[in-house]
Each structure stands twice: as C-alpha cells, then as structure tokens.
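Be aware that the sequence shown starts at 149, since it is given in our numbering, and climbs by one per residue.
Here a beta-carbon is modelled for each residue, glycine too, at the ideal position from N, C-alpha and C.
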Amino acid sequence: MTACVTPPDGVFATSAQRFPDRAAAMGYIDRLLSKRGRNGDLIITDHAVRFVTCEVEESGREVFVVPHEETEVVYRDGNWLFLRSARQAGGTRQYFGFALHGTTRASGESLAEAALAELRKRRAAKGLFVTPRVQPAADLVIVDQGDPEVRIASVDRGRVGSETGKGVAAGAVAGVAVGLNPELPLILYPPAAVVLIVGGALIGGATGSIQAEKEAQRNALMLPLEDAVLGKALHEMRMGPTLAEKIEPLLRVESRWRTGVAGQGSPNCGDYYRDCAQQGILGVVEIPPARIEFRADKANLEGDQDRARQTLSIFQRVYLYSTLSGQPVAIIDVAARSDRHSLVEWRENSGAKLREAIREAQQPMPDVIAMQLQRSLDKLITFK
Numbered sequence: 149m150t151a152c153v154t155p156p157d158g159v160f161a162t163s164a165q166r167f168p169d170r171a172a173a174m175g176y177i178d179r180l181l182s183k184r185g186r187n188g189d190l191i192i193t194d195h196a197v198r199f200v201t202c203e204v205e206e207s208g209r210e211v212f213v214v215p216h217e218e219t220e221v222v223y224r225d226g227n228w229l230f231l232r233s234a235r236q237a238g239g240t241r242q243y244f245g246f247a248l249h250g251t252t253r254a255s256g257e258s259l260a261e262a263a264l265a266e267l268r269k270r271r272a273a274k275g276l277f278v279t280p281r282v283q284p285a286a287d288l289v290i291v292d293q294g295d296p297e298v299r300i301a302s303v304d305r306g307r308v309g310s311e312t313g314k315g316v317a318a319g320a321v322a323g324v325a326v327g328l329n330p331e332l333p334l335i336l337y338p339p340a341a342v343v344l345i346v347g348g349a350l351i352g353g354a355t356g357s358i359q360a361e362k363e364a365q366r367n368a369l370m371l372p373l374e375d376a377v378l379g380k381a382l383h384e385m386r387m388g389p390t391l392a393e394k395i396e397p398l399l400r401v402e403s404r405w406r407t408g409v410a411g412q413g414s415p416n417c418g419d420y421y422r423d424c425a426q427q428g429i430l431g432v433v434e435i436p437p438a439r440i441e442f443r444a445d446k447a448n449l450e451g452d453q454d455r456a457r458q459t460l461s462i463f464q465r466v467y468l469y470s471t472l473s474g475q476p477v478a479i480i481d482v483a484a485r486s487d488r489h490s491l492v493e494w495r496e497n498s499g500a501k502l503r504e505a506i507r508e509a510q511q512p513m514p515d516v517i518a519m520q521l522q523r524s525l526d527k528l529i530t531f532k
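Structural data, given as structure tokens:
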C-alpha cells in the first residue's frame, strides 16, 4: 500500500510521512503536524530503511537512506515508528519519526506494527540490537544527585515602601502565599508549621498582601552559606537518598513499573540516561540536590548574621526522563517552609534543630511527588 514507488518482491513498503528529529509521537496533535511532514513511502530492505518522497517527476524525489548498522534503537508508539541513530561526534544522536496514517484496508497502528516487525526481523538477522537484555534491573530507576545547595537570602523590605509593612503585618496574622516560582519564592510570616507548596498550589496557610511581599522577594540578594556544622548535618541527613528511598515503594503501588533506587550518582547510561533503554530501563526519576535557603531581612543580617532570625525554605525539583528520547516527560517542583531561627539556634547540638525542621518539611514530599509521578508514567515511551 504505497503512494510513490513500486517496491521489488520481498521488500516491505507503505505510505508514510517523515519527521526529522522527532523522538516521540504527539498524540492527537499529530494530525496538525501531518502537514509539516514529507509525504512518501517507507521502505525496509535487508540493508537499510529508505524513504522516498512523492514528487510528480521522479528526478525531483528525495531519497533518504539509513543503514541498519547506523541505527541504534527502533521502537513504535501507536501509529508512529521511530529510529534512533548511534552516537555521533560530540555525543549527539539523530531521531527519525515516521507517521503511518493508514488506509481503508489497514489502520496506521497495524501498519506501524508490521513495519516494526519487519525491521526487527532484518536487524536480528544482522545480529543488531532488537530488544533489551533480560536482567533483574528495574524498568524505572530513581537517582539522587548529592547534597543540597545552601544559601542565605538577604531580603530588603525597606525599599518597597509602606505596602511591604502592610504585607508583613497581614502575614503575621494569616501567612503570605503565592504561586510557586522556584527562583523567587515568598516567605510565610510567621510559619506556624511546615507549609508545602506544589506547583503553585498552597497546602495550608492563607493569603495576605501578596504584591508587596513579592516585590521584596524579587530584590532578595542570595549569598552562599558555608557553615561547617550545618554542612555536616545536611550531609549526614542524606536528603536525596532518603527522598528516593521513600518514593520507591509508593511508585510500586498500583503501577506496572518495577522500580529501584540507583543510589548516589547516575547509572552508566550516557547523556540524559539515553543508553539505559538498552538495559531495560525506560524511565529515570532524577532527584537533583535540593536548594535550601535561610531567609532574613537585610537590616537584621547586616546587624548580626548569626543572630538574625531566618526562615528555612526547601526547594526540590524532580525530573522524569524517557531514556528512549533522552527528554524529561515531567518536571515536578515542591517547596516547604519551616520555622524561624537564628544560625546560632540552627547550629545548636550539632544542628539538631535544623535536622528536625528538615525532617518535618520533607515529610509530605514523597507522597506528593509520587502522586504526580504516577500521573506522568504513561508519558514514558515504551519498547514495542
């Protein structure tokens, strides 16, 4: 069922559209994208995948050829067939997407499945990669990436006028909250308990004069905090590994994915975990180092940084990567804010108060992150 050419006997061919640099199907949007693809025939021989465009004059047709030896991974997503090239200079890879929209005799999905079967048969005959190795590795691996980054945020509220005072006064009664911006978070005054913010939604707390507080935070000066006592306490708390270990069993609930924790560092899977697909790992949950900020008024910090009362804020970002495309299919942001203390108080008893505040702030995070990850797992590209 071809549109342009008559293939010789023993060669699989079907009409298709080619989309360079496409690694994943776009679902219902692919109909809109169909106008941007090149119409032609997908032809699979014993040696290569060919694509011939449909031009009236044969001399004007484009012929696109990818030898099987230059293709690293082949997979299907609905009516789409994808080829991923071997690693090129600089570590990059090329992707070739073919949309098979079907005919009155066969659906696009069945044509794509038949094309995949043809490709696998010819690759197997050459001894090339067809399916992941059978091994005890998980389908989904959780990776943490080390100790958090710690900063002091010097917030100059004096420059935003009387509205700032109103905002702080209102916040002292009710708490101030806005949608989460990881770079410009807002302080809650006073934090009566841990307050968790997920993707802009506030869990607990109420609203006060938001705009003035937002202006003050926009002008916050971030200063690195190098403190031996607090640094040791944070390292010993194993924030990333602890979060990974708590998320792992939650993802196994009502999930077809087998999950595992890789531990600190990354699996040996190349850039963006792309080589993990050939090990049977199709998704990687990456937990980068959290960002911890101690936020205080600039005037108080200039007076005595060690004794200025500071709000503890924790910002955590989590990625879900598809190892076939090498792209994140979900990015989850959560933030928690805890009580106000001075650095002197945070350091007491080898950072005991800091440990307690972080444990309390982290407590709801695994459930919230796992819930959002569960919703995103269906976006992972899977081998077929």
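- Here glutamine 475 carries a strand assignment [DSSP, helix/strand/coil].
- Residue state for glutamate 441 is assigned as strand, using DSSP reduced to three classes.
- Under the three-state reduction of DSSP output, tryptophan 228 falls in the strand class.
- Per DSSP, reduced to three states, the secondary structure at asparagine 187 is strand.
- Of all C-beta pairs linking the segment 448-456 to the segment 414-430, fewer than three are shorter than 8 Å, placing the two stretches out of contact.
- Here the alpha carbons of alanine 196 and alanine 518 stand approximately 42 Å from one another.
- For isoleucine 529, the secondary structure class from DSSP, reduced to helix, strand or coil, is coil.
- Residue burial is scored here from C-beta neighbours: asparagine 416 has fewer than 16 other C-beta atoms within 10 angstroms and is therefore classed as exposed.
- Following the DSSP letters along the chain, one finds valine 516 inside the alpha helix (DSSP H) bounded by residues 513-524.
- Residue environment: arginine 253 is assigned as exposed (fewer than 16 neighbouring CB atoms within 10 Å of its CB, all protein chains considered).
- Rounded to whole angstroms, the Cβ separation of alanine 381 and leucine 491 is 12 Å, and the two are not in contact under 8 Å.
- In the DSSP annotation of this structure, the continuous segment of the beta strand (DSSP E) that includes arginine 465 starts and ends at 458-470.
- In the three-state reduction of the DSSP assignment, aspartate 481 falls in the strand class, which pools E and B.
- Annotated as proximal: alanine 301 and arginine 443, with beta-carbon spacing under 9 Å.
- Separation of threonine 201 and asparagine 187 (C-alpha to C-alpha, rounded to the nearest whole angstrom) is 6 Å.
- Arginine 495 and valine 377 do touch by the CB rule: their CB atoms are close to 5 Å apart, below 8 Å.
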